[in-house]
Structures are given as structure tokens and as C-alpha cells.
Amino acid sequence: MSLTPIITFKAGICDLESGNVVKPKPTPGYIYLYIEDELVHFCWRPRTAPHTEPDLDLVMVPSDGTFNPYQPAGNAAPTNGRIYVLKFSSSSQRYLFWLQSKSQHVRGNPSYFSSRDIRLGEIVNALLQGEEVDVEGEIANLPRGSSSGGDDDETMEDVEGVDHDPSHNHGGNSGGAGPDATGGDVREEGQGSREGGADGGRA
1 MSLTPIITFK AGICDLESGN VVKPKPTPGY IYLYIEDELV HFCWRPRTAP
51 HTEPDLDLVM VPSDGTFNPY QPAGNAAPTN GRIYVLKFSS SSQRYLFWLQ
101 SKSQHVRGNP SYFSSRDIRL GEIVNALLQG EEVDVEGEIA NLPRGSSSGG
151 DDDETMEDVE GVDHDPSHNH GGNSGGAGPD ATGGDVREEG QGSREGGADG
201 GRA
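The UniProt record's numbering numbers the first residue of the sequence shown as 1 and each following residue consecutively.
Okay, here's the thing in C-alpha cells:
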């Protein structure tokens, strides 16, 4: 498989525990997107794996998928990490990911979505909608943490427009939810789950 990722950033994948509680897995990983045959592929891999061997590779039909911050609804327990949900209009299938870059909160609150985190999600979401995005320009203009915010990640360390070398690990986890983080009941999240349909075009 020959591919060049258009964006790559630190993120772990989550499991659902009993009671549908979100449980981030500790494996250091990357989310990355690439385009093949004019379709966006949404991928996740451990940082030790080459970019040609993702654990997850989803072919995304334009406007079918959305990538947004996970917000438990109602009385569901709040998450204690920055969790994004990839979900589909054609299916009830969903995938949850936790950001593994250092929190930009002044006191290190792991569930704080900074303007940088939000903009990163917006870039991914725009690509999933089939929009034209100047990814390199957007990455160059991602908001940085303030000098007092404790953000010690460098832009090219946690977000890149090209693939990381698999040996370029940066020391494992560097923030985010952490392996012991938990979240709310995914069934209570925002929109109700949808039944039937495809699983979001798994490749």
C-alpha cells in the first residue's frame, strides 16, 4: 500500500466497558488521514506500527462521517479526558479516540478542549465532509498554548501533514485522558444511536 498521510496526530483508541463506559486504551497511537481514489481514509495505528499497517482503516464516504468532541448527555458521567467520537449517518457504529498530546489547560485539566484541540477536530471533520482544506496552512496556524499554559508539545511532534517514522515515538503518552480515564455512557451521548446500515465503510 502506497500512501501519504495528509494529517497525523497523537491519539489513542477507546473501548467500551460494561455499562458502555468509555475506557481509553493506554497504547500510544496516531490518527491519520490519507486520500486514495478521491476518498478519504480515516486510520488509527499504534506508534510502533508503520503507517502502511493501520489497525483501523475506514474508507469515508463524503458527509457520512463526523468527528466531534464526545459530550455525554443527561446524567451520564463526564469524561476525564479529551475524547473525540467518529460516527456515521448511515450506521450506529461509532469509534472513540482520546487525544494524547499534553493538555493546554493552565492546571493540566485532562478534559479541557483547548482552541487548538477544537480546531484540529474541525480540520478532520471538514476533510470527512469532502471539503477542500489547506491542511499544511491549517496545521501551521493551529493555536499554540500560552507560555503559562504548560504546552510542551511542539507542533511537528503531535500534528503533522506527513507521516511519522514508526521509530519517532516521542516517549509514549504525553498527556490526554490517560489509561485509567473513564467516560460517560455512550448510549446517552447527544444524538440517539441509529440502527442498521453499513458500518461506515470499513475497508
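All C-beta atoms, glycine included, are put in the ideal place defined by N, C-alpha and C.
Non-local beta-carbon contacts of Cys14 in its own chain, meaning distances under 7 Å to residues more than five positions away in sequence, involve Val22, Lys23, Pro24, Lys25, Ile83, Leu96, Phe97 and Trp98 in chain order. In the three-state reduction of the DSSP assignment, Asn141 falls in the coil class.
Under a 10 Å Cβ-count criterion, Ala140 is classified as exposed, with fewer than 16 other Cβ atoms of the shown protein chains found around its own Cβ. Collapsing the DSSP output to three states places Gly65 in a strand.
Judged by beta-carbon spacing, Asn68 lies beyond the 8 Å limit of Asn109, meaning their Cβ atoms are not closer than that value. Taking Gly130 as the centre and dropping the five residues before and after it, the same chain places the C-beta of Pro62 and Ser63 closer than 7 Å to its C-beta, in chain order. In this structure, Ile31 places its C-beta atom within 8 Å of the C-beta atom of Ala11.
If you look at Asp117, you'll find it in the alpha helix (DSSP H) that goes Ser115 to Leu128.
Ranked by how close their Cα comes to the Cα of Ile6, the residues Leu58, Pro143 and Ile123 have Ile123 in first place.
Here Arg107 is exposed, its C-beta having fewer than 16 other C-beta atoms within 10 Å.
Collapsing the DSSP output to three states places Val135 in a helix. Each of His51, Gly121, Pro46 and Thr4 was checked against the Cα of Asp37, and the nearest Cα belongs to Thr4. Judged by their CB atoms, Pro54 and Arg45 are nearer to each other than the 8 Å cut-off. At a Cβ-Cβ threshold of 8 Å, Arg144 and Arg116 count as neighbours. Per DSSP, the unbroken beta strand (DSSP E) holding Gly12 starts and ends at Ile7 to Glu17.
Annotated as proximal: Ser111 and Thr79, with beta-carbon spacing under 8 Å.
Of Thr27, Glu132, Leu120 and His41, the smallest CA-CA separation from Leu142 is found for Leu120. When the five nearest sequence neighbours on each side are left out, the beta carbons in the same chain lying within less than 7 Å of the beta carbon of Val133 are those of Ile123, Ala126 and Leu127, in order along the chain.
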